[in-house]
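In order, the protein sequences belong to chains A and B.
Each residue of the first sequence is one higher than the one before, starting from 323 at the first, in the numbering used here.
Each residue of the second sequence is one higher than the one before, starting from 323 at the first, in the numbering used here.
There are 2 protein chains.
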Amino acid sequence: MATLGLTCVHLCAGLMGRRAASSLRSLRCVSGMTVSQIDEEVAKLLELKAQLGGDDGKQTFVLKTAKGTRDYNPKQMAIREKVFNTIVSCFKRHGAETIDTPVFELKETLTGKYGEDSKLIYDLKDQGGELLSLRYDLTVPFARYLAMNKITNIKRYHIAKVYRRDNPAMTRGRYREFYQCDFDIAGQYDPMIPDAECLKIVYEILSELDLGDFHIKVNDRRILDGMFAVCGVPDEKFRTICSTVDKLDKMLWEDVKNEMVKEKGLTEEAADQIGEYVSMQGGMDLAERLLHDPKLSQSKQACAGLTDMKQLFSYLQLFQITDKVVFDLSLARGLDYYTGVIYEAVLCQTLQAPTPAPAEQNGAVSGEEGGVSVGSVAGGGRYDGLVGMFDPKGRKVPCVGVSIGIERIFSIMEQKAELSAEKVRTTETQVLVASAQKNLLEERLRLTAELWNAGIKAELLYKKNPKLLTQLQHCEETGIPLVAILGEQELKDGVVKVRNVATREEVDVSRAELVEEIKKRTSES
Amino acid sequence: MATLGLTCVHLCAGLMGRRAASSLRSLRCVSGMTVSQIDEEVAKLLELKAQLGGDDGKQTFVLKTAKGTRDYNPKQMAIREKVFNTIVSCFKRHGAETIDTPVFELKETLTGKYGEDSKLIYDLKDQGGELLSLRYDLTVPFARYLAMNKITNIKRYHIAKVYRRDNPAMTRGRYREFYQCDFDIAGQYDPMIPDAECLKIVYEILSELDLGDFHIKVNDRRILDGMFAVCGVPDEKFRTICSTVDKLDKMLWEDVKNEMVKEKGLTEEAADQIGEYVSMQGGMDLAERLLHDPKLSQSKQACAGLTDMKQLFSYLQLFQITDKVVFDLSLARGLDYYTGVIYEAVLCQTLQAPTPAPAEQNGAVSGEEGGVSVGSVAGGGRYDGLVGMFDPKGRKVPCVGVSIGIERIFSIMEQKAELSAEKVRTTETQVLVASAQKNLLEERLRLTAELWNAGIKAELLYKKNPKLLTQLQHCEETGIPLVAILGEQELKDGVVKVRNVATREEVDVSRAELVEEIKKRTSES
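In structure tokens:
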């Protein structure tokens with residue numbers, strides 16, 4: 323067994339204990355620099371203490387994952403694989419390629435891209451060399467990738483984990499480490515065609531995953547900015563007021579208004595005018611009407627956004643997806659980098675509390691309208707300026723994309739599986755090679771290898787002499803449909819007894835025909 | 323467009339420049355604490371400078387990925403997907419489930435598991451809260467997962483990126499961020515059965531990937547420890563001498579001996595005795611012979627290892643893979659946690675230098691024996707103590723596993739693709755919806771949506787009026803096999819002209835039969 327490396331030299335101080343450590347910590351305010359040295363020492367000592375173990379001499383590792391993160395067990399992985407397959411199939415159906423970028427970027431690559439959310443970025447410790455941060459999304463690394471490789475057009479998807487030091491709400495599927503599934507179209511194209519395809523993709527994925535009813539809110543940053551302008555918001559407050567509007571899906575208008583006026587110093591009059599606009603919802607008709615709105619039509623920006631909105635809806639009609647799409651002036655999206663169309667898909671369903679529901683309530687996920695919203699499950703928009711921020715000559719590459727909020731989808735799918743009668747299989751094993759008598763390990767190993775070499779998914783128990791019952795139970799538990807049973811007689815006759823686990827039927831199959839027989843039987847199911 | 327956030331307040335100091343920063347850096351020796359403060363300020367200033375731009379007023383972002391990391395472009399991703407599919411198929415054929423763990427762990431989870439390599443762990447910055455580190459491998463998180471969930475048996479694979487602050491050698495496929503593909507069997511079983519399956523898996527994967535000739539070295543930590551004991555190595559030096567022996571694949575024996583004697587203080591006599599053993603290679607016969615070696619047989623540990631080695635080879639014979647497996651006493655493996663059998667697979671081929679080879683040299687990867695070894699492409703072993711290190715009561719779960727060195731395999735596959743005539747497709751698009759005349763965007767959108775809804779992988783160009791030639795060129799470039807061409811006449815006749823891009827043949831297909839026709843034609847290829 324490996325020995326624990328004791329790297330810390332201050333052994334005597336190891337007796338200090340947590341009380342002392344915590345009082346050291348309270349010195350933090352005295353001097354910034356000394357305290358960081360103390361913190362480091364404290365960390366070393368506590369680590370040492372953990373290695374040495376508690377009073378009973380046992381190790382006192384804290385057995386947990388980092389705050390806001392989780393392991394995926396095999397059942398969760400089986401569900402995750404299914405969801406990913408649906409999403410990737412859709413991306414591929416739309417002709418996308420895929421790329422991958424490192425989990426960390428140079429810190430400066432991420433700086434200044436996320437507005438108020440930048441404080442949530444995870445930094446790596448400076449261990450000498452470059453200053454690095456974990457990626458916060460996949461969009462900024464994508465823009466860096468385009469600029470670095472001078473790519474002017476690409477349609478790509480990227481599925482990977484991103485990191486945010488946010489307050490986790492894990493029962494609602496909000497984690498500090500979570501997957502993003504992004505699809506983006508970069509390139510100079512005619513207006514609204516790629517934008518419409520992004521919405522079509524959201525529609526296809528949410529329909530195929532069968533998560534219940536949903537709708538997709540659409541707006542445009544130019545319409546928002548035009549609205550702020552005509553309502554009298556000073557230019558320099560556009561982004562911060564936009565962040566406040568973005569909270570409308572979680573907060574009441576009264577509270578949003580309060581934040582605008584009391585925290586952000588907007589006049590009450592301006593806030594009230596904004597309040598009127600952000601209550602508007604509709605479709606192409608609303609875009610048409612607002613183009614003639616006496617106030618909003620004063621803004622060139624707003625008019626450009628509204629004209630594009632009309633164009634977008636005409637394409638969505640061709641795609642036959644307008645039944646789920648709403649032009650909603652309250653949609654703002656938090657991130658700084660959007661420049662045009664923005665959108666967000668929301669499920670209209672109740673999400674179960676973590677405690678199990680009464681048995682009679684069939685289904686954690688109710689599809690009825692009027693259910694409590696679980697929040698956004700997809701979002702995105704146009705960001706025509708981001709790539710230019712990375713290009714040494716400021717060359718722009720217009721981009722539009724969508725990110726699928728996969729973690730919330732996982733949570734819902736897991737709850738569905740939990741309540742479903744169907745058992746989730748975590749392996750794909752087709753056959754267990756079993757023996758009915760003792761001393762047949764070598765024969766089992768030989769046959770299993772034959773099956774593996776023929777491409778059959780096969781297992782055997784790693785015991786010299788397992789009981790037949792134990793072997794059959796393993797099949798029941800893990801859902802293996804077939805057993806290939808070897809015995810003295812079968813070996814003599816050159817056959818294998820093939821047992822159907824569900825029906826308990828058994829037939830002798832000649833060794834030469836076994837592979838074909840297994841393939842035939844398992845392709846049916 | 324998003325604005326750059328200027329967070330640093332020392333604006334005046336922004337003029338200092340890199341020279342001044344570097345002389346500040348040279349103060350490092352004066353006082354540890356002040357210098358770290360200075361470093362932080364310097365980093366802020368340089369970042370600010372980068373944001374403000376250079377003398378020409380342009381931004382001077384460093385457009386690069388972090389040292390030792392890389393992006394994967396679509397072509398590399400297509401190759402990666404193919405390799406992963408082969409590997410995952412093999413793992414599933416052997417009945418494995420899969421799990422996933424977070425990219426970072428509590429720092430203390432990783433502490434004391436990697437011996438001398440612990441210095442290569444990436445730590446996250448202390449931003450308040452837990453101290454975290456990026457995972458160094460998938461084995462320690464797996465052990466933590468087992469202990470935390472009290473799992474006593476599982477057969478799982480895990481494919482994910484791991485992080486090591488090593489000196490990158492990227493032309494040889496060595497990175498600071500790299501994938502590991504791990505397969506492990508945990509549980510109390512009869513000896514050597516799961517161990518033999520791990521070797522079978524390595525054999526299957528390396529054969530299927532068609533990387534040229536390879537061999538798998540096998541040894542046992544107990545044999546090594548027994549050998550050290552009988553050669554007179556003091557107990558406390560076992561691990562460090564083991565690390566030195568591990569360098570035999572990269573260093574000459576003379577240099578290894580030098581390190582043992584001069585750096586690690588071993589007697590010359592002991593080193594020479596080790597030298598004799600570590601030159602031995604063989605199969606079951608060697609294990610048998612060493613069981614009767616007058617010196618080595620004095621060690622109980624060595625005898626246990628040798629007996630198991632014989633058993634292992636008997637199972638490998640049943641699996642018919644002994645042609646590639648060598649019992650090699652010089653194999654040591656660096657990691658601390660191994661307790662029994664260890665193994666490593668090595669390709670017997672030359673790896674091309676990064677500059678392209680002369681055209682007449684057919685194939686970067688030569689399969690001849692005697693080529694320069696590219697080093698290990700898979701490795702693993704038995705680690706029966708690791709889970710117990712995490713369990714509060716020290717309960718052990720015996721484990722054995724293997725890790726596929728996928729990055730080197732990618733490098734080789736990329737070079738092969740580079741030299742192959744066959745073009746790597748990066749999308750799976752079956753058909754491009756094109757138009758022969760102007761003003762048909764709406765018809766193209768409608769038809770494309772029809773195809774998407776029928777599960778066909780379809781694209782259209784995002785232009786209102788693209789030229790037919792441009793549309794056909796897009797197919798040639800990206801390998802799309804079919805074009806569905808719409809024109810006034812076709813619309814009138816209720817047909818679509820289907821063009822085979824390779825043969826340039828065109829036929830009219832009725833709209834109702836289009837989906838079936840496309841499916842038929844693309845299932846053939």
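Just so it is clear, CB atoms sit at the ideal spot from N, CA and C, and this is done for glycine as well.
Model, not experiment: these values are computed from the prediction.
Report the partner residues of residue 397 of chain B according to the DSSP bridge assignment. Beta-bridge pairing by DSSP links residue 397 of chain B to no other residue.
Tell me, please, which residues DSSP counts as bridged to residue 698 of chain B. Paired residue(s): B/668.
If we call anything under 7 Å between Cβ atoms a contact, is residue 418 of chain B one with residue 477 of chain B? Yes, the pair counts as a contact, with Cβ atoms nearer than the cut-off.
Under 7 Å, Cβ to Cβ, is there at least one residue of chain D near residue 461 of chain B? Given the protein chain composition of this structure (A and B), no chain D is represented.
Within-7 Å CB hit, residue 417 of chain B to chain A: Interface residue, yes.
Roughly how many angstroms lie between the CA atoms of residue 449 of chain B and residue 448 of chain A, to the nearest whole one? Residue 449 of chain B and residue 448 of chain A have their C-alpha atoms roughly 12 Å apart.
In three-state DSSP terms, what is residue 842 of chain A? Residue 842 of chain A falls in the helix class under three-state DSSP.
Going residue by residue through the region 476-557 of chain A, where are the continuous alpha helix (DSSP H) segments of at least 4 residues, counting only ones entirely within it? If we require 4 residues or more, the alpha helix (DSSP H) runs fully inside the region 476-557 of chain A come out as 515-530, 543-552.
At a CB distance below 9 Å, what residues from the region 637-651 of chain A approach chain B? Give them in sequence order. Contact annotation: in the region 637-651 of chain A, residues whose CB is within less than 9 Å of a CB in chain B are 637, 640, 641, 642, 643.
Among the residues of its own chain, which have a CB less than 8 Å from the CB of residue 446 of chain B, if the five just before and after it don't count? Answer for residue 446 of chain B: 426, 453, 454, 455, 456, listed in chain order.
Starting from residue 850 of chain A, trace the beta strand (DSSP E) both ways and give me its first and last residue. The shown model of chain A, from 323 to 847, leaves out residue 850 of chain A, and the question about it has no answer.
Starting from residue 826 of chain A and walking both ways along the alpha helix (DSSP H), at which residues does that stretch end? Run containing residue 826 of chain A: none; DSSP gives neither H nor E here.
Shorter than 7 Å from the beta carbon of residue 575 of chain B to some beta carbon of chain A? The Cβ of residue 575 of chain B sits no closer than 7 Å to any Cβ of chain A.
Which of helix, strand or coil DSSP assigns to residue 420 of chain A: Strand, per DSSP.
Is it buried or exposed for residue 620 of chain B, if we count other Cβ within 10 angstroms and need 16 for buried? With a threshold of 16 other beta carbon atoms within 10 Å, residue 620 of chain B falls short and is exposed.
DSSP three-state label for residue 601 of chain B, please. Residue state, collapsed to three classes: coil.
Whole angstroms are fine: how far does the CA of residue 780 of chain B sit from the CA of residue 842 of chain B? Near 15 Å, if we compare the C-alpha coordinates of residue 780 of chain B and residue 842 of chain B.
Might you give, ordered along the chain, the residues of its own chain that have their beta carbon closer than 7 Å to the beta carbon of residue 664 of chain A, omitting 5 neighbours on each side? These residues qualify, in order along the chain: 541, 542, 543, 653, 655, 703.
How close, in whole Å, do the beta carbons of residue 435 of chain A and residue 658 of chain A come, if the pair is a contact with beta carbons under 8 Å? Residue 435 of chain A to residue 658 of chain A, Cβ: 7 Å. Contact.
Consult DSSP for residue 442 of chain A and reduce its assignment to one of helix, strand or coil. Reduced to three states, the DSSP call for residue 442 of chain A is helix.
Name the two residues that bound the continuous alpha helix (DSSP H) containing residue 630 of chain B. Per DSSP, the unbroken alpha helix (DSSP H) holding residue 630 of chain B starts and ends at 622-640.
Which residues in chain A have a C-beta closer than 9 Å to the C-beta of residue 414 of chain B? List them in chain order. In chain order: 749, 750, 751, 779.
By the three-class DSSP mapping on this structure, what secondary structure does residue 437 of chain A have? DSSP places residue 437 of chain A in helix when its eight states are reduced to three.
Give the DSSP bridge partners of residue 726 of chain B, in chain order. Beta bridge pairing from DSSP links residue 726 of chain B with B/503, B/700.
Please state whether DSSP places residue 805 of chain A in a helix, a strand or coil. Residue 805 of chain A falls in the strand class under three-state DSSP.
Beta-carbon gap between residue 421 of chain A and residue 396 of chain B smaller than 7 Å: Cβ distance < 7 Å, so residue 421 of chain A and residue 396 of chain B count as in contact.
Do residue 748 of chain B and residue 400 of chain B count as a contact pair if the criterion is CB distance below 7 Å? Contact flag set, yes.
Would you call the CB atoms of residue 699 of chain B and residue 731 of chain B closer than 7 Å? The Cβ-Cβ distance between residue 699 of chain B and residue 731 of chain B falls below 7 Å.
For a test of the three-state rule: what should DSSP assign to residue 769 of chain B, helix, strand or coil? Note: residue 769 of chain B maps to helix in three-state DSSP.
Residue range of the beta strand (DSSP E) that residue 428 of chain A falls in? Residue 428 of chain A -> beta strand (DSSP E) spans 426-428.
Residues bridged to residue 819 of chain B by DSSP? Answer by DSSP bridge pairing, in chain order: B/807, B/830.
Would residue 505 of chain A and residue 527 of chain A qualify as a contact pair, given that the criterion is a beta-carbon distance under 7 Å? No, Cβ-Cβ distance for residue 505 of chain A and residue 527 of chain A is not below 7 Å.
How big is the Cα-Cα spacing for residue 613 of chain B and residue 823 of chain A? One Cα belongs to residue 613 of chain B, the other to residue 823 of chain A, and the distance between them is close to 45 Å.
Provide the residue(s) that pair with residue 721 of chain A in DSSP beta bridges, ordered along the chain. A/508.
Name, please, each residue of chain A whose Cβ falls closer than 8 Å to the Cβ of residue 426 of chain B. What residue 426 of chain B touches in chain A: 388, 391, 499.
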